[in-house]
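Chemist: Residue numbers are given in my numbering: position 8 of the sequence shown equals residue 251, and the series is strictly consecutive.
By construction, the Cβ of each residue, glycine as well, lies at the ideal position given by its N, Cα and C atoms.
No experiment lies behind these values; they were computed from the predicted model shown.
The structure's right below; bear with me while I get my questions together.
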Amino acid sequence: MRLIKLVPDNTNIRFVAVRKIAFTVTLILSILAVGLVFARGLNFGVDFMGGVAIEERFATPPQIDRVRATIERLGVGEPAIQQFGDPTLVSIRLPVPEGDSGATDRLVERVKSALATEFPGATFSNYSTVSGKVSDELVTNGILAVVLAIVGIAIFSWFRYEWQFGVSTAVAIVHDVLMTLGFFALFRDQFAFDLTIVAAVLTIIGYSINDKMVIDDRIRENMRKFRKMEMRELIDLSVNETLPRTVMTSLTILLALTALLVFGGHVLRGFTAAMILGVIVGTYSSIYVSSSLLITLGLKPGAPVGEGTVRESVPQKTSR
């Protein structure tokens with residue numbers, strides 16, 4: 244039985260030939276992503292903003308102004324109301340009430356009762372609460388986790404290979420993170436940015452570095468084998484050799500994430516959307532950004548790259 248191959252054998256795609264175009268596109272997209280974050284901002288969830296987040300499902304799409312007026316009559320503070328994808332599902336964020344530990348439960352019951360009276364058929368989904376102090380700590384810890392992950396991976400690549408690998412890896416991962424932030428700024432009305440998304444960003448970083456390490460290892464091996472090969476040809480050779488593995492891994496993950504997006508429900512929509520975007524941009528950056536950037540950074544073939552690989556006597560090769 245012959246298996247279907249997504250990538251033909253002995254591909255000879257010239258990835259490096261379009262590196263200037265790829266760098267330009269990457270720079271433009273990164274600038275746009277940063278601009279979107281500053282212009283539109285992120286729709287921070289209750290994890291980062293603090294307060295009580297209540298989810299209510301209505302029989303038919305409600306009028307947001309009517310929902311807001313219903314809650315304002317309760318005198319429990321200024322509500323922040325948003326619809327996420329499903330027009331019948333509404334998220335209501337309110338300040339944390341003062342008082343004993345049961346104050347939040349009483350607030351939620353009042354909101355539930357008022358909405359059920361005003362909107363027949365409305366049902367309560369769930370609620371969560373985070374204090375302002377805790378939310379500030381979560382913001383700090385979330386940013387710190389992402390920054391430390393990027394720095395740690397760059398340092399690891401530097402010591403495992405050469406400094407050029409560390410810099411190119413860090414640039415590619417920063418690009419992946421910026422693309423994710425830009426996506427959530429662009430679609431802030433559909434997705435909230437909470438701790439689940441931070442987990443998705445860290446997972447994207449892990450996926451991206453895994454793909455980049457596979458390509459970097461192959462580049463290192465080929466640098467030792469083909470000491471007189473031009474760096475452009477060597478990188479093209481390395482990326483083409485790992486292309487079947489990259490395509491198969493990315494496609495498999497995307498299939499699983501698509502199923503999760505369709506059947507995972509509202510709670511996982513943001514996480515799944517971030518992961519799908521991360522797989523796509525991570526694959527792009529590992530092929531077109533990280534690898535090709537090594538040439539710009541001045542990496543030369545034949546240089547000692549890392550340790551732990553036995554040098555083999557292999558006939559030198561100057562072309563594919």
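1. Keeping to the same chain, check which residues put their C-beta closer than 6 Å to that of V280; ignore five residues upstream and five downstream.
2. Between the Cα of E298 and those of S411, A415, N369 and E484, spot the shortest distance and give me the residue it belongs to.
3. Once you ignore the five residues that flank L445 on each side, which residues in its own chain have a CB closer than 8 Å to its CB?
4. Got a sec, what are the start and stop residues for the beta strand (DSSP E) E298 sits in?
5. In the segment 358-406, which residue ranges form an unbroken alpha helix (DSSP H) of at least 4 residues, counting only runs that do not cross its ends?
6. Quick one: Cα of S493 to Cα of R463, how far?
7. What are the start and end residues of the alpha helix (DSSP H) that includes V441?
8. When the distance is taken between beta carbons, is A296 closer than 7 Å to S228?
9. Can you tell me which of the three DSSP states L337 falls into?
10. Looking at the secondary structure, which residues open and close the beta strand (DSSP E) in which A323 lies?
11. Provide the residue(s) that pair with F287 in DSSP beta bridges, ordered along the chain.
12. To the nearest angstrom, how far is it from the Cα of H418 to the Cα of D329?
13. Determine the DSSP secondary structure at L424, reduced to helix, strand or coil.
14. At the level of alpha carbons, what is the spacing between N465 and L477?
15. From L332, I452, F426 and I307, pick the residue whose C-alpha is nearest to that of S533; which is it?
16. Ends of the alpha helix (DSSP H) at T539?
17. What whole-angstrom Cβ distance do T495 and I458 have, given they're in contact under 8 Å?
18. Using C-beta distances below 8 Å, list every residue in its chain close to V319, excluding the 5 sequence neighbours before and after it, in chain order.
19. Let me make sure I understand the geometry here. Which of G284, V414 and R403 has the alpha-carbon closest to that of L540?
20. Closer than 6 Å by C-beta to Q407: which residues in its own chain qualify, once you throw out the five before and the five after it? Chain order, please.
21. I believe P304 touches F362 by the beta-carbon criterion, under 8 Å. Please report the beta-carbon distance rounded to the nearest angstrom.
22. If you count every other CB in all the chains shown that lies within 10 Å of the CB of F402, and 16 or more means buried, which is it?
23. Rounding to the nearest angstrom, what Cα-Cα distance links G345 and G294 in this structure?
24. Please report the straight-line C-alpha distance between V482 and Q326, rounded to a whole angstrom.
25. A302: which of V394, Y450, F367 and K263 sits nearest, CA to CA?
26. Answer with buried or exposed for I398, where buried requires no fewer than 16 other C-beta atoms within 10 angstroms of its C-beta.
Modeler: If we stick to the structure as given:
1. L424 and A428
2. N369
3. A388, V389 and A392
4. G294 to R300
5. 375-403
6. 23 Å
7. L438 to K468
8. Summary: the structure shown does not reach residue 228, with the chain confined to residues 244 through 563, and so no result is reported for it.
9. strand
10. A323 to Q326
11. F436
12. 30 Å
13. helix
14. 7 Å
15. I452
16. S534 to T539
17. About 18 Å separates the two Cβ atoms, so there is no contact after all.
18. L337, P338, P340, L350, R353 and V354
19. V414
20. L537, L540 and L542
21. P304 to F362, Cβ: 11 Å. No contact.
22. exposed
23. 15 Å
24. 43 Å
25. F367
26. exposed
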